[in-house]
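Q: Below is the structure I would like to discuss, written out as structure tokens.
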Amino acid sequence: MEKILWELVQLVRQQSPLVHNITNYVVMNNTANALLAAGASPIMAHAKSEIQEMIGIAHSVVINIGTLDEYWSESMVMAAETAHSKGKPWVLDPVGAGATSFRDEVLHQLLPYQPTVIRGNASEIIALAKANTTVTKGVDSTAQSNEAVDAARSLVDQYKTIVCISGETDIILGNQQEIFIRNGHPLMTRVTGLGCSATALTGAFIGITEDKVSAVAAAMALIGIAGELAADESKGPGSLQVNLIDRLYTMTEQEFFNRLKIELK
Numbered sequence: 036m037e038k039i040l041w042e043l044v045q046l047v048r049q050q051s052p053l054v055h056n057i058t059n060y061v062v063m064n065n066t067a068n069a070l071l072a073a074g075a076s077p078i079m080a081h082a083k084s085e086i087q088e089m090i091g092i093a094h095s096v097v098i099n100i101g102t103l104d105e106y107w108s109e110s111m112v113m114a115a116e117t118a119h120s121k122g123k124p125w126v127l128d129p130v131g132a133g134a135t136s137f138r139d140e141v142l143h144q145l146l147p148y149q150p151t152v153i154r155g156n157a158s159e160i161i162a163l164a165k166a167n168t169t170v171t172k173g174v175d176s177t178a179q180s181n182e183a184v185d186a187a188r189s190l191v192d193q194y195k196t197i198v199c200i201s202g203e204t205d206i207i208l209g210n211q212q213e214i215f216i217r218n219g220h221p222l223m224t225r226v227t228g229l230g231c232s233a234t235a236l237t238g239a240f241i242g243i244t245e246d247k248v249s250a251v252a253a254a255m256a257l258i259g260i261a262g263e264l265a266a267d268e269s270k271g272p273g274s275l276q277v278n279l280i281d282r283l284y285t286m287t288e289q290e291f292f293n294r295l296k297i298e299l300k
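Letter by letter, the sequence shown follows residues 36 to 300 of this note's numbering.
See the structure below:
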């Protein structure tokens with residue numbers, strides 16, 4: 036598995052997949068830069084008049100509901116429907132799921148289009164699956180990733196998707212597959228939008244391979260290891276953000292294998 040993950044990192048750099056993002060405007064710049072540093076090509080577009088054409092040329096689609104409004108939500112549903120109909124892989128980041136009825140309604144409209152990957156924190160995954168009454172605290176998780184495993188499994192079964200529960204340990208669940216990635220650094224939680232960047236990277240990786248579970252694992256490993264390497268040379272969140280982008284760009288095979296902490300079940 037370790038060898039496969041690094042091969043996928045290299046493949047993204049070689050193929051430069053085009054990733055269409057309808058995402059959180061708080062982090063658009065960071066997300067686009069993370070994609071570029073990893074070797075992918077970002078498109079940040081939400082105009083309904085061009086969504087179908089954009090998705091036609093993109094390798095994958097990322098939908099992040101972080102900063103919803105009525106127009107953007109319609110664009111997201113259109114993008115999900117288009118990706119589904121064209122057979123393009125797409126990622127759903129259900130930011131703040133369970134926090135408001137508006138968010139839950141938008142997610143209710145998006146899920147029938149069977150996202151290839153759902154990536155969120157434990158509270159969001161639990162809320163999305165309606166597994167219990169855990170309350171979402173904005174975009175921060177009030178639950179641990181292992182608490183959301185049953186909720187994630189229900190989503191996998193219902194929507195034929197892959198679920199990535201983000202946290203101190205990233206848990207990736209597919210059909211009969213479980214992967215645990217234990218990379219990352221606590222300082223990463225002090226930079227807004229690194230989770231959104233991880234979701235965007237997931238979009239890049241699922242755009243270049245049919246092995247979608249390994250693609251998700253590669254994306255999570257890449258940003259986690261980049262975060263560790265960046266933290267080693269950073270004084271705080273500001274420098275971490277800059278150094279992480281550099282590490283996505285410069286990471287070597289030896290650094291990847293030396294740091295990778297992965298467990299398969």
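Every residue, glycine too, gets a C-beta built ideally from N, C-alpha and C.
1. What does DSSP give as the partner residues of Gly-209 in its beta bridges?
2. Between the C-alpha atoms of Ile-243 and Ala-118, what's the straight-line distance to the nearest angstrom?
3. Rounded C-beta distance between Leu-145 and Val-96? I'm assuming under 8 Å.
4. Is Gly-219 buried or exposed, if buried means 16 or more other CB atoms sit within 10 Å of its CB?
5. Helix, strand or coil: how does DSSP classify Met-223 here?
6. Measuring alpha carbon to alpha carbon, tell me which residue in Asp-139, Thr-151 and Pro-150 is nearest Glu-159.
7. For the pair the stretch 51-67 and the stretch 223-243, tell me if three or more CB-CB distances fall below 8 Å.
8. Using the three-state DSSP reduction, which class does Leu-127 fall into: helix, strand or coil?
9. Does Glu-85 come out as helix, strand or coil in the three-state DSSP assignment?
10. What is the residue span of the alpha helix (DSSP H) that Pro-272 lies within?
11. Closest to Ile-200 by C-alpha separation, out of Ser-269, Leu-295 and Arg-188, would be which residue?
12. Say whether the stretch 284-299 touches the stretch 100-114, bearing in mind that this needs 3 or more beta-carbon pairs closer than 8 Å, one atom from each stretch.
13. Looking only at C-alpha atoms, which of Arg-294, Lys-296, Ile-280 and Leu-190 sits nearest to Ala-72?
14. How would you write the range of the alpha helix (DSSP H) that Arg-48 sits in, first residue to last?
15. Just checking my contact of Leu-190 with Ala-164 at CB under 8 Å: how many whole Å lie between their CB atoms?
A: So, from the data block:
1. Gln-212
2. 15 Å
3. That pair is no contact at about 11 Å.
4. buried
5. helix
6. Asp-139
7. yes
8. strand
9. coil
10. 272-285
11. Arg-188
12. no
13. Ile-280
14. 37-50
15. 5 Å
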